[in-house]
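Chemist: Dropping the structure in here first, questions after.
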Amino acid sequence: MIHAFHVLIPFVTIAPMALSAPAFAVSLTYDRLYDDGDRSLSNVACWNPNVPGLFPDHDEWLVQKNVAPGILAIPTIDGWDHADCVSCWMLEWNGGEQARPLLAIDRSKAGFVTSFERMNSLTEGKAEELKTLVVNATRVGLTNCGFAPQEARRESADEL
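Number 61 in the working numbering belongs to position 59 of the sequence shown; there are no gaps in the numbering.
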């Protein structure tokens, strides 16, 4: 019996590491629409008409310039209540030498899309030259996008 206990302890310790989200390769391009800091966030797929702002408890988030980590559009988001709405993604380029966190709040038709400014930051000024590139994307915790741990909770549709 004691041996079984010793076997379970390492398993429990290792299991959380095995559950981390895997990185995957995806195309990234830019749309200058996301560079317009005064563009209303009511235009993005994650806008919830029942909440005064993009994110519960962040009713000051009314325009794109309020999204400090930068905006990311991904193809899986299909509405404000989708699980990927207001999710943080770490994008790595150039063998992991460059990495940037971005906040997914909009839907793209294919691949990932961000602002020209954010793509330029990731590529060290080569966004216009490259236009599209392949990055490794990993969904990470919202703290990577600047949220405090208590802010990372989202209300469910039932709570709104």
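Yeah, the Cβ is synthetic: ideal placement off N, Cα and C, and Gly gets one too.
Which term fits R34, buried or exposed, when burial requires 16 or more other beta carbons within 10 angstroms of its beta carbon?
Modeler: exposed
Chemist: So, are the CB atoms of V65 and L105 less than 7 Å apart?
Modeler: no
Chemist: In chain order, which beta strand (DSSP E) runs of at least 3 residues are fully inside the stretch 72-135?
Modeler: 73-76, 89-95, 100-109, 114-116
Chemist: For F118, collect the residues of the same chain with a Cβ closer than 7 Å to its Cβ; drop the 5 residues on either side in sequence, then sort them by chain order.
Modeler: Y32, R34, D37, A129
Chemist: Can you give the Cα-Cα distance for N138 and G97, rounded to whole angstroms?
Modeler: 9 Å
Chemist: Between the alpha carbons of K67 and A112, how many angstroms are there, rounded?
Modeler: Take the alpha-carbon of K67 and the one of A112: they are about 24 Å apart.
Chemist: Give a yes or no on whether the C-beta atoms belonging to P77 and M92 are separated by under 7 Å.
Modeler: no
Chemist: For A25 and R141, I'd like the C-alpha separation in whole angstroms.
Modeler: 8 Å
Chemist: Among the candidates L132, A101, D80, whose CA atom is the shortest distance from the CA of V88?
Modeler: Looking at the Cα atoms, D80 is the closest of the given residues.
Chemist: Use the C-beta contact count for N50: other C-beta atoms within 10 angstroms, 16 or more gives buried, fewer gives exposed.
Modeler: buried
Chemist: Whole-angstrom Cβ separation of W1 and C48, contact assumed at under 8 Å?
Modeler: The requested residue 1 does not occur in the structure, where the chain is confined to residues 3 to 162.
Chemist: Quick one: what does DSSP say R41 is sitting in, helix, strand or coil?
Modeler: coil
Chemist: Pick out whichever of I107, C90, L132 has its Cα sitting closest to the Cα of G148.
Modeler: C90
Chemist: Shorter than 7 Å from the beta carbon of P51 to some beta carbon of chain B?
Modeler: As a matter of chain content, chain B is missing from the structure shown, which is built from one protein chain.
Chemist: Suppose you measure from the CA of L43 to the CA of W63; what does that come to, to the nearest Å?
Modeler: 8 Å
Chemist: Given that a residue counts as buried once 16 or more other Cβ atoms are within 10 Å of its Cβ, and exposed if not, what is T145?
Modeler: exposed
Chemist: Which class does V46 belong to by DSSP, given the choice of helix, strand or coil?
Modeler: Under the three-state reduction of DSSP, V46 is assigned to coil, being neither helix nor strand.
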